[in-house]
Amino acid sequence: MVVLPHTLVMPSFSIIIPHRNIPLLLSRCLRSIPESDSIQVVVVDDNSDNAEDIPFLVPELKRSNVEYYLTKDGRGAGYARNVGLKYAVGQWLIFADADDFFTDDFLDVISEHMDSSSDIIYFNTQSCQCDDISVKANRTKDFMFERYEAEPDESLFRFGYTEPWSKMIRMSLVVDNGIKFDETKVANDYLFSVMTGYYAKTISIVNHPIYVYTVRSGSLTSDDNSVNLEKLTARLDAFINVQAFMEDKGYSSSPALTSHILVPLFKNYRSVYNRYVHVLRKRGLSVFNLYRDTLCHYIRKSFGKAIQYGDVYSIIWRR
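By numbering that gives the first Met the number 0, the letter at position 13 of the sequence shown is numbered 12, and the numbering carries on one by one without gaps.
Structure below.
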């Protein structure tokens, strides 16, 4: 299973990168990470085609601080990240997707916060087109920092920053609470992000980008999930897990987690909608918000009005 492991002197940071079939982009991502003894890089290949050839296509895998693990399971990025967690040894966890990369001052910024007493440090992001990084894209986290500045509520970041990247997460937080990634095809990072946000005793919010999120055609997040049944179902599974965890901790959400996909779900995939309701009831979870928001969205849709809420960033969790 292990390809090109390296022995490291206890690094401060462990960067985990899942990879599948994009070696040139993986190479770009690795080039953005300094070859430093303070950083352990763990690349987990999720059953790429001709995966044995990837070390020859990605010379950065031969760096002294990079470890490359090859799996034959093909179970998605969540599974690959869980494999990476087994080999991470740093004080801080950092995650990246293979088609993204880090900013030029990345190491300087994280080193500045290395001795922080916080359990999670949330950073801003930059964004660009994957094929032409000179073209900016509108997928930054600017709006979260702007909203937080206007109304400083930590729950926006604890429960709304649903991606694992552009954060420093204390390793002990993950280990002590047994936190793992879901292994759904999409949204596998949602529960992980919510659980780390919940269990973190203290957090820091730093409006400085350390990560560049790229917009790539053909990636899992680039398609319209509202019309892709497989992705829709996987997303519902992830939402159920998040709702179950939060309700177990005494929280309820408004609007429902699924608000942004309720109309296409109810209209086009009624059997999936009904099965989703059945699973919620079977697990003893609330369905009131689901019915309320379905009706609300249909009324708004019938009058041609835009739906103003429903993405994960607008979810309000209340005890």
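In this text, a Cβ means the ideal position worked out from N, Cα and C, and glycines have one as well.
Margin query: Measuring alpha carbon to alpha carbon, tell me which residue in Ile109, Lys184, Tyr189 is nearest Phe238.
Written below: Of Ile109, Lys184, Tyr189, the residue nearest in Cα terms is Tyr189.
Item checked: Integer Cβ distance of Cys129 from Asp103, believed to fall under 8 Å -> About 18 Å separates the beta carbons of Cys129 and Asp103, which is beyond the 8 Å limit, so they are not a contact pair.
Margin query: Extract the residue ranges of the alpha helix (DSSP H) inside the stretch 135-199, only unbroken runs of 4 or more that lie entirely within it.
Written below: Taken in chain order, the complete alpha helix (DSSP H) segments of 4 or more residues contained in the stretch 135-199 are 141-149, 154-159, 170-175, 189-198.
Check: How should Pro208 be labelled, buried or exposed, when 16 other C-beta atoms within 10 angstroms of its C-beta is the threshold for buried?
Finding: Burial is judged here by how many other beta carbons sit within 10 angstroms of a residue's own beta carbon; Pro208 has at least 16 and is buried.
Notebook entry, point to check: The alpha helix (DSSP H) with Thr293 in it runs from where to where?
Noted result: Residues 287-301.
Notebook entry, point to check: For Phe180, does the count of other Cβ atoms within 10 angstroms reach 16, so buried, or fall short, so exposed?
Noted result: Flag for Phe180 reads buried.
Margin query: By the DSSP assignment, the beta strand (DSSP E) with Ile14 in it spans what residues?
Written below: Residues 12-18.
Check: To the nearest angstrom, how far is it from the Cα of Glu229 to the Cα of Gly283?
Finding: Cα to Cα, the separation comes out at about 25 Å.
Next item on the list: Could you say if the stretch 185-203 and the stretch 269-282 meet the contact criterion of at least three C-beta pairs nearer than 8 Å?
Entry: With the cut-off at 8 Å, the stretch 185-203 and the stretch 269-282 do not touch.
Check: Do Phe12 and Ile93 have their CB atoms nearer than 8 Å?
Finding: Contact: yes.
Checklist line | Check whether Arg19 and Glu182 have beta carbons under 8 Å apart | finding: At the C-beta level, Arg19 and Glu182 stay beyond 8 Å of one another.
Notebook entry, point to check: Which one or two residues does DSSP pair with Gln242 in a beta bridge?
Noted result: Listed as beta-bridge partners of Gln242 by DSSP are no residues whatsoever.
Item checked: Minimum C-alpha distance to Leu106 - residue among Lys200, Pro10, Lys135 -> Nearest C-alpha to Leu106 among Lys200, Pro10, Lys135: Pro10.
Next item on the list: Give the C-beta separation of Met167 and Ile109 to the nearest angstrom, bearing in mind that I take them to be a contact with Cβ-Cβ under 8 Å.
Entry: About 6 Å separates the two Cβ atoms, so the contact holds.
Next item on the list: Report the three-state DSSP secondary structure of Val57 (helix, strand or coil).
Entry: Coil, per DSSP.
Notebook entry, point to check: If we count the other Cβ atoms within 10 Å of its Cβ and call it buried at 16 or more, is Pro151 buried or exposed?
Noted result: Counting the other CB atoms within 10 Å of its CB gives Pro151 a total below 16, which places it among the exposed residues.
Notebook entry, point to check: Helix, strand or coil for Asp114 per DSSP?
Noted result: Looking at Asp114 - three-state DSSP - the assignment turns out to be coil, as it is neither helix nor strand.
Checklist line | Ile120 versus Ser301: straight-line alpha-carbon distance, rounded | finding: Ile120 and Ser301: Cα-Cα distance of roughly 43 Å.
Checklist line | Between the CA atoms of Arg269 and Ile16 - distance to the nearest angstrom | finding: If you take the alpha carbons of Ile16 and Arg269, they lie about 37 Å apart.
Notebook entry, point to check: When we look at the beta-carbon of Arg317 and count the other beta-carbons within 10 Å, is it buried (16 or more) or exposed?
Noted result: Counting every other CB atom within 10 Å of its CB across the protein chains shown gives Arg317 a total below 16, marking it as exposed.
Margin query: Using C-beta distances below 7 Å, list every residue in its chain close to Arg146, excluding the 5 sequence neighbours before and after it, in chain order.
Written below: Exclusion of the five residues before and after Arg146 leaves Leu155 as the residues of its chain whose Cβ lies within less than 7 Å of its Cβ.
Check: Do you know offhand how far Gln90's Cα is from Tyr67's?
Finding: Answer to the nearest angstrom: the Cα atoms are 20 Å apart.
Margin query: Residues in the same chain with beta-carbon distance under 8 Å from Arg280, minus the five sequence neighbours each way, listed in chain order, please.
Written below: Excluding residues within five positions, the ones whose Cβ falls inside 8 Å are Val286.
Check: Grouping DSSP H, G and I as helix and E and B as strand, with all else coil, what is Val324?
Finding: Nothing about residue 324 can be read from this structure; the chain reaches only from 0 to 318.
Next item on the list: Would you identify the three-state DSSP class for Tyr78, choosing helix, strand or coil?
Entry: Looking at Tyr78 - three-state DSSP - the assignment turns out to be helix.
Margin query: Please report the straight-line C-alpha distance between Gly249 and Ser26, rounded to a whole angstrom.
Written below: Going from the Cα of Gly249 to the Cα of Ser26 covers about 44 Å.
Next item on the list: Determine the extent of the alpha helix (DSSP H) in which Cys28 is found, giving its start and end residues.
Entry: Annotation for Cys28: the continuous alpha helix (DSSP H) segment containing it runs 22-30.
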